[in-house]
Structure formats: C-alpha cells, structure tokens
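Per the working numbering, the very first residue in the sequence shown carries number 75; after that it's consecutive. Note that CB positions come from ideal geometry on N, CA and C, so glycine has one too. One structure below.
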Amino acid sequence: TGETVTARHCTLLSHLDTSKDHTITITFTMAATDNVDLTPITVITGFLGAGKTTLVNYILKEQNEWKICVLENEFGEVAIDDGLVAESLDAPEDLISMDNGCVCCSIRGDLVRTLGQLAARRKDFDAILLETTGLADPAPIVYTIQTNPKMSDNYRIDSIVCLADCKHLGAHLDEKKPDGSVNEALQQVAFADKILLNKVDLVTAEEKKALETRLKVINKFATVIETEKSRAPLEKIMGLNSFNMESILSYDPGFFDEESEKKIHNLELVQSVGIKFQGDLHAQYFNMFMMDLLRERAADLYRTKGLLSFHGQGDTKFVFQGVHEQINFGPSQKPWAADEVRENKFVFIGKNLDRKELTDSLMACLYKEDKNVA
C-alpha cells in the first residue's frame, strides 16, 4: 500500500490471526515493505571533530557519482566550507546548488517543514543525507519520518551512520557521566547500522584492532567501514536499505552464537546480544512479553530486531525492528522455504542486558501442544 499506519491501541501482532485482543498503550508503527519509490534518508551522527564537515564537503564538491541533498543541522560545528551555507539563508527552502548536481540546505527549525518543502523535487536526488551534529539519539527523527504521513509517503530511513574518529573514539567511549548514564558516544555506536571509522591513518594497527574489537561488543551488528580524511565509499553507506526490517535476514549466522560473545571480556555498559532458537512462537505469549519488555525497558533498548515463526501462521515469516518503544512489525517479503529451518532470531542492543533472562523469557513464548486435550 505504501502507507505507514500508527496504531496507538492495538496488539503488537495485529498482522496475526489471533482470537483474543490485548489492548496496549505503547505506540507501534507497522510500515509496508514496498518502499522502492520512497527517497532514502541517511542519518549521520558523530562527535565534533570526527570529520562530518569534511565528509559533507566531499559529497558536495568532489564526488560526481551521486546526486545528494545534504540537510545541514544549523547547530553544526561550522558552516560548511567557510560559508558554503551562507548566513543570509533565512528560510529552509533556500538551497545551495553544487556543480555536481548535489544541493545543500540548512535546517532552521522544523525538520518536517524542510522535508515537506523538498518533497516536490525529491526525485531529483539519489538520496538525502541528514547531518545531526552531536545528536546522541536519532529515535525522534526515525519516529517522525515513519509516523508522519507527509513524511512516510515520500521518505524512508535508509541507514543510521556513525562517523567516528579512530584516534579519539576510545576516550569518548570511556567518558563517565556524572549521573552514571550512558554517554553520547556509546549511544551513537549503539544506534548505528554503519560505523565510519575515520582517520585510521593516525593510529597503529594494534590500536585500530583493539577499537574494532570494542565496537563489536557494543554493536556487533553494525558494519565497520574504514576511511581516511572522510573519503567514504558512498555505495557502502547509502541506498542499501540497511535500516529495513529485512536487514536481519542478511546477518552472518555466527552473529547469534553465544560462544563468540564469551571470547570477549565485556565490561561495556552498552552491549549487543544475539539469540536464536528453533520452534514456533505463541503469538499471544510473545505479544505480552514484548509489551512488558518495552514498558519496563524501552529507554535501555536502543535497537531491537527479530525474525519470527509463529504457530498457526503457515509459511509466513515475520520480521520486526525497533528503536526504543517504537516497533515496526510485519510479514517478510519471502515466506519460509519448504526446506528451511524455522529458527527465530533476535537482536538486542542496549544497556544492562541479561542474555540468560532474555533467552529464558523468549523460550517461554514457544507454542506447546496441550497434551490434556482429548
């Protein structure tokens, strides 16, 4: 249908043929999988000095393969290229056009208004790059684009990319907050689909390997791409639909092996956990588990993903992904194959995760035949 529906008082699994209705108050979004016609938005996060301005300038002035609309956060570190976005711009619709077909726009106020004004000419661009200096949590942007009909009819989130300074990221990750909360660098790594490890030429091979190992503990499901001077291979970070629910299908099966996690002594406050097991889930049990989990732990859960098999749903394969309490849920584009092992897979990236507790709770959602029925 191409529509995005916001369901405020419905069951998480409203796609399923269940006989009972569990009313909930958490907001869920169920997005259609057919989004080929939507303009992809890549959200770039990263710290001051990580190289975002250099990356934006590279996109706008040097590369010639992509026509990209760059939306520059007005609270950015500096005006792009010493005033490329002039201070005289007084409205979001003012665009600076580049020789390579790209444009740059400074967001001054409402993102929805800016994107709304761009909608009429969005087909002129291969993609939109949204630069969000210092934004630790991209959830509000994701929520807005997926739940606002004017946005979801024209745009989709393609990926969340964290641009990281290889030389200084370790220090940022070690930074302790006065109240004991998670620092911004940890959150940015946790939310990312792709991590651009910039300035790799400024560290030793051992330092780089140690940092990459650490990143895999925090978010082992993000692809790490090495760059120098922000010369990013755009084909590896844009137009890949890596934020899509289906992305869990492409994960290396080894990501879900508990043994690989045990090899690393994990002292991180934020970590990623992969869980897999065979069998069909009981729709209502799983529904209640997810509602309870999100009600109690939504703030701690940065990203969640799942590949599910439900009892009574035939060959339909279900996928979901979440950012905090917002969940996208629906049937996969391809059903279970006749010879395919029906293995449920779950990804949790967040704070203070207990693998055993999550595994036990999920296993309790498996459907079991009632042997007492005659």
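Contact annotation, K268 with E302: C-beta distance approximately 17 Å; criterion of less than 8 Å not satisfied. Separation of the CB atoms of I234 and F317 is rounded to 6 Å, and the pair is thereby assigned contact status at 8 Å. DSSP places T218 within a helical segment (H, G or I) once states are collapsed to three. Annotation: the continuous alpha helix (DSSP H) that includes E281 extends over A279 to I292. Ranked by Cα distance from E370, the first of D198, H398 and A357 is H398.
V393 has L381 and G404 as its beta-bridge partners, per DSSP.
Under the three-state reduction of DSSP output, E300 falls in the strand class. In terms of Cβ geometry, A296 and A259 do not form a close pair [threshold 7 Å].
The three-state secondary structure of Q137, taken from DSSP, is coil.
Counting along the chain, T116 sits inside the beta strand (DSSP E) bounded by residues T113 to G120. Under the three-pair Cβ rule at 8 Å, the segment 225-240 counts as touching the segment 182-202. In the structure shown, Q387 falls within a coil segment according to DSSP collapsed to helix, strand and coil.
Taking 7 Å as the cut-off, the Cβ atoms of V344 and I401 do not count as close.
Boundaries for V274: no beta strand (DSSP E) harbours it, and the DSSP string shows neither H nor E there. Contact annotation: L271 and C240 have beta-carbon atoms nearer than 7 Å. Beta-bridge pairing by DSSP links S346 to I423. Around the C-beta of P327, fewer than 16 other C-beta atoms lie within 10 Å, and the residue is accordingly described as exposed. Taking R288 as reference, the option from V130, T278, D248 and K419 with the minimal CA-CA separation is D248.
Annotation: D248 is outside any beta strand (DSSP E); the continuous alpha helix (DSSP H) that includes it extends over L243 to D248. By the 16-neighbour rule on beta-carbons within 10 angstroms, V256 is buried.
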